[in-house]
Amino acid sequence: MRVLIAIGCDAYDNPPLQPLAGAENDAATIFEHLVAKNWGGYDQTQSKLLRSPTMAMLRSTVDAALFSGTPIEELTFFFAGHGGVKDNSYFLCLRDSDVDRMSLNALSMTQLFGWITEAKIRHTNLIVDACHAGGVVHDIGVLLNPNVIGKVGSLAISILAAAGSDEYAGETNGAGHCTSALMSCLKGETSVQTTRPSLDLVEVGQVVSRVMQGTGQSPVCWGINLFGISQLAKNPRFSGGGGHISETFPGLAPDGVGNEHIRAASDAIWEQYLSLTREFDAERFLDVIQPVCANLEGEPAVAAAFIKGLAATFGPRIAATGDYFNVARLQSACAVALLPMAASSTHCADAIMQLSKEGVAWIDEGTDQLLADFTEDTYALLSKDGGIADFYFLPLRLMSILGWLGAAVHIQTISGESTAMIAPKAADLVRLIMAHYSNSVVPVSDEMTPFYVSFAAAANVLGCEEELESISGLLLRILHQQGGWIAEPGLSGEDALRFLTAVTEGRCDDFRNILANPTSLLPAVLLVMDRSGLADIADGAMKGFDHTNINIFVPNDFSTFGASLIEEGTNFSLNIGHTVFSVSDLVAEWSKIEEHLSADAILASPAVRISSVLASLLRPDRVAWFLVAGQSAKTS
Numbered sequence: 001m002r003v004l005i006a007i008g009c010d011a012y013d014n015p016p017l018q019p020l021a022g023a024e025n026d027a028a029t030i031f032e033h034l035v036a037k038n039w040g041g042y043d044q045t046q047s048k049l050l051r052s053p054t055m056a057m058l059r060s061t062v063d064a065a066l067f068s069g070t071p072i073e074e075l076t077f078f079f080a081g082h083g084g085v086k087d088n089s090y091f092l093c094l095r096d097s098d099v100d101r102m103s104l105n106a107l108s109m110t111q112l113f114g115w116i117t118e119a120k121i122r123h124t125n126l127i128v129d130a131c132h133a134g135g136v137v138h139d140i141g142v143l144l145n146p147n148v149i150g151k152v153g154s155l156a157i158s159i160l161a162a163a164g165s166d167e168y169a170g171e172t173n174g175a176g177h178c179t180s181a182l183m184s185c186l187k188g189e190t191s192v193q194t195t196r197p198s199l200d201l202v203e204v205g206q207v208v209s210r211v212m213q214g215t216g217q218s219p220v221c222w223g224i225n226l227f228g229i230s231q232l233a234k235n236p237r238f239s240g241g242g243g244h245i246s247e248t249f250p251g252l253a254p255d256g257v258g259n260e261h262i263r264a265a266s267d268a269i270w271e272q273y274l275s276l277t278r279e280f281d282a283e284r285f286l287d288v289i290q291p292v293c294a295n296l297e298g299e300p301a302v303a304a305a306f307i308k309g310l311a312a313t314f315g316p317r318i319a320a321t322g323d324y325f326n327v328a329r330l331q332s333a334c335a336v337a338l339l340p341m342a343a344s345s346t347h348c349a350d351a352i353m354q355l356s357k358e359g360v361a362w363i364d365e366g367t368d369q370l371l372a373d374f375t376e377d378t379y380a381l382l383s384k385d386g387g388i389a390d391f392y393f394l395p396l397r398l399m400s401i402l403g404w405l406g407a408a409v410h411i412q413t414i415s416g417e418s419t420a421m422i423a424p425k426a427a428d429l430v431r432l433i434m435a436h437y438s439n440s441v442v443p444v445s446d447e448m449t450p451f452y453v454s455f456a457a458a459a460n461v462l463g464c465e466e467e468l469e470s471i472s473g474l475l476l477r478i479l480h481q482q483g484g485w486i487a488e489p490g491l492s493g494e495d496a497l498r499f500l501t502a503v504t505e506g507r508c509d510d511f512r513n514i515l516a517n518p519t520s521l522l523p524a525v526l527l528v529m530d531r532s533g534l535a536d537i538a539d540g541a542m543k544g545f546d547h548t549n550i551n552i553f554v555p556n557d558f559s560t561f562g563a564s565l566i567e568e569g570t571n572f573s574l575n576i577g578h579t580v581f582s583v584s585d586l587v588a589e590w591s592k593i594e595e596h597l598s599a600d601a602i603l604a605s606p607a608v609r610i611s612s613v614l615a616s617l618l619r620p621d622r623v624a625w626f627l628v629a630g631q632s633a634k635t636s
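Residue numbers are given in our numbering: position 267 of the sequence shown equals residue 267, and the series is strictly consecutive.
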């Protein structure tokens, strides 16, 4: 059952709370549209409209609506009136509220969340059209208890707050500005989307926020929901018709098998969510969500809905940190989680294409951000507290940026989309990096290989062939200077300093436990230099890598390419000075691998190809060698 509680409070008994003129109208407008006119599918008996209630009246209504009848699957709680933050908690002010005794006669978010949790409501939409409504975030810590949320009976929630925590909420002609913008969306006067029969509060809130830009009032929308997209109201713009609300994702019914797999991982998922303001570790995120998708392989539509729900939930929280490349990593991780089902399920393949397209948009945003940062400070890519260790981490960071720029090109190209929007600005960023950071293009680890290959395979489209030649030459020259030594993957800051000591002081023998050969980076550089017409230069350098082992790994099945451990595949191992002596020898061996990759039928799937590229960037212990396959060599 779905229930709406709409509260509008115009009358206030205790100064300094002044009477309002539009709060009751706002609540009545929402109630009439969603309940009386049945645009929300809410139960007309259990749903309640309260005009200027006291705290006691609200408690009585909540008791009857939430605890005395049929269990509620979804609750929409609307409030218009005065509100504010006191003692680090946000309160909704009712008729008898006293600002000196808010804990007694005003409704705190902590108390509201407690009621919702006790009532075991699956999803709640919270809409607050009040001053300082963004202050609800003060109580989010109570809501996001990883020991509770996600389990049976715990809540998921979407929030639309009419104003920032430091802003007032206005009203004109007896109607709140935010509620008016909200109603415009619910009535279809302002389009939200046309592809689903229902609207969810987060997507509506995002449109409301855009509509109200420049008004001095900045609505805040936010949501957490593991179980697919929630429903606020029918979508009057739905192109498929205006019938009753159907379940957008029927596989995610409250008692569905899919939910059990999701709940089993909920603690780990919410732990990831709570850490987003500090960091986003895409590999760790993948380790959490991939087992859920594996358990849902028999229900691919459910898996796709779950993953899209995660992307919709996690994306805004990561975007709020200002790191747009991390949002692209999130979208990519979600796409990679569906890779095992990409070739067999159109639901999953379509979801991968959608997620990767959204990822390109975030890479585009991140590129704009970095270009702006360069305008203010040419050394913006340096870590503020990295210290000497940044001589190790900066090269990894630079190559990562280049790799993600390449990935955007590959996604657009494989999807049949134009690269005209992102290619010019990406090329500008590459040239700025080379102008200011060329001395930091240094080979430090095989973790650089997938990013280097991604960029190299896109350089032609980007118009960055000269920059690619410079990067390849720098990597090869410094590899030669370092005697073919690089660092083991995943070094800590302390070990990074030890590595720098080893290569700068020529003490590699003293630090062998953290050193490795460039088993994937060296063959990648040699093959790319051959493609760039620089085989003669590469040939001359190969003598310095005598007895170095190089490897090219190809999985038996690319649907497993995103797994933490790829169990089956072929490791093509070569030894310089033993099995290969020149670049032409390496190219001859590569041609056999290239033929194998070209014949791999599963790579014909755009979704598989795209998600495999993304997998190599998220788990950089593997390389999407098929990006190099088919590229013709220039004449030296």
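Note that the Cβ used here is the ideal one computed from N, Cα and C, for glycine as well.
No experiment lies behind these values; they were computed from the predicted model shown.
Arg329 sits close to Phe280, with the two beta carbons spaced by under 8 Å.
The beta carbon of Val211 sits closer than 7 Å to those of Ala181, Thr190, all from its chain and outside the five residues before and after it, given in chain order. Under the DSSP assignment, Ser218 falls outside any beta strand (DSSP E); it carries neither an H nor an E label.
With respect to Ser415, Met353 sits close: the two C-beta atoms are nearer than 8 Å. Under DSSP, His123 forms a beta bridge with Glu74, Ala156.
Our two residues, Asn551 and Leu276, have alpha carbons roughly 36 Å apart in a direct line. According to DSSP, Ala233 shares a beta bridge with Leu199.
Cα atoms of Ser492 and Arg498: separation of roughly 10 Å, rounded to the nearest angstrom. Within the same chain, Cβ atoms closer than 6 Å to the Cβ of Leu462 are found at Ala423, Ala426, Ala427, the five residues on either side in sequence being excluded. For Arg51, the uninterrupted beta strand (DSSP E) segment begins and ends at 48-51. In this structure Ile30 is in contact with Phe78, their Cβ atoms being roughly 5 Å apart against a cut-off of 8 Å. Sequence-distant Cβ neighbours of Ala343 in its own chain, meaning closer than 8 Å and more than five residues away, are Ala349, Ser559, Ile602, Ser605, Ala607, Val608. Taking C-beta atoms as the reference points, Pro489 and Glu447 count as a pair closer than 8 Å.
Within the stretch 549-595, the complete beta strand (DSSP E) segments at least 3 residues long are 549-555, 569-575, listed from N- to C-terminus. Closest in C-alpha terms to Ser573, from the list His547, Glu567, Ser584, Ser598, comes His547.
Put simply, the stretch 86-106 touches the stretch 46-54. At least three CB pairs are less than 8 Å apart.
In the three-state scheme derived from DSSP, where H, G and I count as helix and E and B as strand, Trp485 is classed as coil.
Around the Cβ of Leu58, a 10 Å sphere holds 16 or more other Cβ atoms; the residue is buried. For the pair Val528 and Ala456, the CB atoms are nearer than the 8 Å cut-off. In this model, Ser184 and Gly406 are separated by some 41 Å (Cα to Cα).
When C-beta atoms of the stretch 198-207 are compared with those of the stretch 218-225, three or more pairs fall below 8 Å, so the two segments count as touching.
The C-beta of Leu565 has fewer than 16 other C-beta atoms within 10 Å across all chains shown, which makes the residue exposed. The Cβ-Cβ distance between Ser611 and Leu339 falls below 8 Å. Take the alpha-carbon of Gly473 and the one of Lys384: they are about 29 Å apart. Contact annotation, Ala516 with Asp510: C-beta distance approximately 15 Å; criterion of less than 8 Å not satisfied. The DSSP-derived three-state label of Ser266 is helix. Beta bridge pairing from DSSP links Trp222 with Ile159. Counting along the chain, the unbroken alpha helix (DSSP H) around Tyr392 starts and ends at 390-415. Rounded to the nearest whole angstrom, the C-alpha separation of Val623 and Phe391 is 24 Å.
In the same chain as Ala304, and ignoring 5 residues on each side of it, the C-beta atoms closer than 7 Å to its own belong to Leu338, His347, Cys348, Ala351, in chain order. Out of Phe451, Ser89, Leu429, the CA that lies nearest to the CA of Cys464 is found in Leu429.
Annotated as distal: His410 and Val628, with beta-carbon spacing of 8 Å or more. Residue pairing by DSSP places Cys93 opposite Ala106 in a beta bridge. A distance below 6 Å between beta-carbons, with the five flanking residues on each side excluded, links Thr179 to the following residues of its chain, in chain order: Asp26, Asp129. Cβ neighbours of Cys334 within its own chain (closer than 7 Å, five residues either side excluded): Ile307, Leu310, Ala311, Leu355. Phe67 is classed as exposed because its beta carbon has fewer than 16 other beta carbons within 10 Å across all chains shown.
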